[in-house]
Amino acid sequence: MVSPGRSNGLAVASNGLSKLEFQDVDESDAITLDNFDETDAMADPILNSPRSVEACRMLGVEPDELIQRPLEFFFRSSKGGRSEDREFVNKRAARYEKNRQIQLRNVRAQRHELMQAQLDGGHGSMSLRTRSYCHSPVGAARLGFGTLPSCCLASVQDFSVIGREKRELERIQQRQALELQQMLNFELKMAELHQERERKEREQKRREELFAMERTRRQRESDELRRKREIERAEQHRIELELARKQAQDQQKEIMRREQRAKQEEARRQRDAQLSERERQRHQEEARVQSEMHQLAQEREAARKLKEMQEREERLTQERERQRHLKARELAEKQARNTARIANVLQEKDLQRKYQLEEAARKQQQSEERRQAFEEERRAKEEEVRLQALRKKETIEGVQHQLALIEEERRERLREQERQAQLRLMQRVHEKQQQLEAQQREERRLESERRRAYERMESQLHEKQSAILRKTEEKATIAQRMQEQKNASVRARLQDAKLREEEIQTALMRKNKQDEYRTNLLLSRIETDNHRIQHLKEQRESLIRRRQQIKQMASRQKHEILESFYKMKVTKKMELPKHITANMVAVRPRSASAAMNHTQSVDDTVISNGNPRATPRTSRRPMSAVARRPRSAATSRRPVSSRDRQSLSDSSSCDGPYSADDVEKTRELTDDEKRATAINELRRQQNEELLKVLEEEHHAEEQREHLLRQASTARRERVRMEKLFDKERALASERIMQLTDRHERALAAKMDQLQTT
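Heads up: the sequence shown begins at 1 in UniProt numbering, then just goes up one per residue.
In structure tokens form, the structure reads like this:
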């Protein structure tokens with residue numbers, strides 16, 4: 001029997017499906033899968049062809065899912081208008097169109113298969129889904145394969161059919177109970193796995209969000225720290241430049257003070273000279289000669305030194321410019337090599353990670369026996385990745401250390417140059433102090449040269465400062481661009497994950513619709529079996545009532561005949577009633593014993609049908625024993641009425657298992673029992689195999705949970721393991737679905753084989 005909920009669902013499904021009678025609908029003007037407008041989303045209905053709608057239901061596809069959607073439809077369904085949302089909407093539209101084309105091809109193929117099945121009468125090569133639909137009562141009725149077998153309608157006069165139908169009823173009930181229990185266990189297990197998967201997906205999504213927030217916070221902190229360091233470095237450089245400028249100004253002030261003191265000393269000497277003017281006049285002539293000679297020598301020496309100093313300055317300037325170009329070229333080459341090395345390391349890491357993922361996906365499909373080896377290899381690869389990361393980190397640190405050493409050497413060279421400049425400046429000041437009396441104009445010229453050198457140094461410092469600031473800005477721009485690329489990559493992966501999740505949800509909904517459709521077919525088959533069982537019960541009750549009527553008729557006729565014989569014996573008149581005489585003319589029995597045997601056979605058959613435990617062998621006698629009974633002359637002349645002939649014909653049709661027809665029917669019943677036993681054994685094996693697979697998946701899920709609990713400290717490792725486990729769960733679900741389909745195909749093949757044999 002079917003529960004009320006199942007009965008209501010079956011009634012609704014039957015009422016809904018009864019509107020799609022294939023044979024009564026003219027599809028020349030109908031909207032089918034081959035001629036419907038794929039761009040008209042406002043059409044109502046989208047499809048009205050029965051085979052098209054039935055094909056969509058068989059595959060769990062809604063008609064509106066086959067409509068081609070424009071890009072504006074997905075933009076209207078999205079919440080934001082950012083560039084990231086537009087990219088996500090484009091991806092979603094592309095995936096929708098791809099899935100729509102696939103579903104459209106599938107439903108068209110299913111519709112053509114239904115049409116071919118209707119043309120072939122359900123006997124051609126077809127898929128398991130179409131075969132199940134054609135073998136169902138609803139599908140057979142709508143495809144025009146006929147209704148119940150004619151043997152069930154023609155079994156009114158065959159009493160052995162009742163026993164066969166009773167056994168068929170028991171087999172149907174057992175099959176229904178087994179199918180319902182199997183379906184219930186499968187649905188409960190799938191619901192449990194689905195809930196567990198949803199819980200783990202929510203947990204994984206929450207962990208990914210926390211990990212993304214933590215990573216964003218760390219990136220923001222590192223960017224802020226790097227920005228602060230750059231600002232501090234620029235501020236320190238500015239302070240150093242300011243300090244150098246201040247030192248130069250102090251030196252200039254010191255030079256001015258010394259010049260002032262020199263001027264004061266010169267005035268004092270002039271006053272002293274005025275006091276000793278007479279003495280100088282006396283020595284003027286010889287002093288003038290000596291002074292002219294000395295001054296000429298000094299002018300020559302000063303010109304020579306000036307020329308040497310200019311040449312030395314030019315050589316130093318050229319050497320400094322050449323070294324600066326060499327250092328800039330060397331630094332650029334080192335930066336290029338470091339960038340290439342870092343890019344190669346990153347590319348090698350990506351390739352290695354991709355190879356690890358492919359290797360893990362390939363090894364995941366292998367048997368359970370190689371699991372430990374896979375775990376050991378995975379740990380070894382993780383150790384190798386960790387060592388490579390350490391080597392990469394050491395390489396980066398070494399490069400950074402080399403860059404720091406280069407920067408320190410550059411600063412040391414700058415400081416050495418500044419010291420040398422200061423020494424040269426002090427030397428020049430000392431020389432100027434020694435030659436102050438005779439080289440005022442030379443000092444002014446040298447002062448102007450010093451000012452030009454100072455301005456040149458200041459301009460060089462400004463250029464260096466601007467170059468450093470420009471490099472800092474370029475580094476910040478490169479870092480920002482890399483961060484944007486990284487964010488775009490993360491966003492693309494999240495969008496792909498979201499689209500995959502939507503596809504999984506859509507596939508699950510479509511699978512639920514297919515399961516609901518198969519459940520409705522199964523319920524319709526159950527309802528048809530129930531109607532058939534009810535019809536057989538009514539036929540059996542009708543047969544029992546007919547047997548009782550025949551028995552009463554036979555008893556009444558026997559009583560009339562005995563009464564007529566008694567009257568003939570009393571009156572000595574051999575006259576029988578007219579209706580008995582008329583019957584005697586039509587048919588005469590072979591013997592009274594045969595008539596009694598037929599009457600006894602009818603009575604025993606009625607008793608055996610009333611008591612299911614009674615066996616046919618206890619209610620029948622062998623024909624040889626009946627033949628050896630002596631004939632009675634009185635009873636041999638008894639006429640037979642039409643009712644007696646009907647009773648005799650019914651009795652002869654139920655005359656035990658010793659006739660050829662009864663032997664053939666018994667063999668047919670034995671074959672049916674063998675078929676039912678073979679089908680039940682196959683279903684039992686399939687259920688055991690399915691339960692074994694589900695238990696293995698449950699055990700694997702427990703092991704995955706244990707591994708996740710062990711890896712809870714390493715966030716990156718946990719995320720990687722969760723992705724790997726999600727792939728394992730998807731493969732397990734696919735394996736269960738393939739096993740279910742294989743069971744259905746095996747069961748259908750077994751039933752076809754038993755029917756052919």
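Don't be surprised by glycine CBs; every beta carbon is placed ideally from N, CA and C.
None of these values were measured; they are calculated from a predicted model.
A distance of 7 Å or more separates the beta carbons of residue 114 and residue 66. Following the DSSP letters along the chain, one finds residue 50 inside the alpha helix (DSSP H) bounded by residues 50-59.
Taking the Cα of residue 504 as reference, the smallest distance to any Cα among 424, 531, 727 and 110 is reached at 727. Residue 47 and residue 119 have their C-alpha atoms roughly 22 Å apart. Nearest in C-alpha terms to residue 341, of all of 469, 434 and 392, is 392. Between residue 51 and residue 100, the gap from beta carbon to beta carbon reaches 7 Å or more.
Here the C-alpha atom of residue 495 lies approximately 49 Å from the C-alpha atom of residue 239. Per the Cβ contact rule, the segment 256-275 is not in contact with the segment 398-415 (fewer than 3 Cβ pairs under 8 Å). Remark: fewer than three beta-carbon pairs, one from each stretch, lie closer than 8 Å, so the segment 415-425 and the segment 208-219 are not flagged as touching. Within the same chain, and ignoring the five residues on either side of residue 202 in sequence, no residue has its Cβ closer than 8 Å to its Cβ.
Straight through space, the alpha carbons of residue 297 and residue 435 are spaced by roughly 12 Å. In the same chain as residue 75, and ignoring 5 residues on each side of it, the C-beta atoms closer than 7 Å to its own belong to 89, in chain order. The Cβ atoms of residue 739 and residue 693 lie closer than 7 Å to each other. Between residue 722 and residue 204, the CB-CB gap stays under 7 Å. Distance from the CA atom of residue 320 to the CA atom of residue 290, rounded to whole angstroms, is 43 Å. Per DSSP, residue 30 is not a residue of any alpha helix (DSSP H), being assigned neither H nor E. Per DSSP, the continuous alpha helix (DSSP H) segment holding residue 739 begins and ends at 715-756. If you compare the alpha carbons of 331, 314, 673 and 227 with that of residue 475, the shortest gap goes to 227. Residue 459 sits in a helix when the DSSP states are folded into three classes.
Non-local C-beta neighbours of residue 219 in its own chain, meaning closer than 8 Å and more than five positions away in sequence, comprise 483, ordered along the chain. CA-to-CA, the gap between residue 686 and residue 696 works out to about 15 Å. Only buried fits residue 526, as 16 or more other CB atoms lie within 10 angstroms of its CB. By the Cβ-count criterion, residue 490 is exposed, with fewer than 16 other Cβ atoms from all chains shown falling within 10 Å of its own Cβ. Here residue 413 is exposed: its Cβ has fewer than 16 other Cβ atoms, across all protein chains shown, within 10 Å. For the pair residue 57 and residue 517, the CB atoms are nearer than the 7 Å cut-off.
Around the beta carbon of residue 70, fewer than 16 other beta carbons lie within 10 angstroms, which makes this residue exposed.
For residue 241, the CB contacts under 6 Å within the same chain, skipping 5 residues up- and downstream, are 461 in chain order. DSSP, read as helix, strand or coil, puts residue 435 in coil. Under the 10 Å beta carbon count, residue 45 is surrounded by fewer than 16 other beta carbons and is classified as exposed. Going by C-alpha positions, residue 224 is about 14 Å away from residue 472.
Collapsing the DSSP output to three states places residue 69 in coil. One Cα belongs to residue 731, the other to residue 193, and the distance between them is close to 13 Å.
Residue 400 and residue 337 have their C-alpha atoms spaced approximately 13 Å apart. With a beta-carbon spacing of about 18 Å, residue 499 and residue 197 fall beyond the 8 Å limit used to define contacts.
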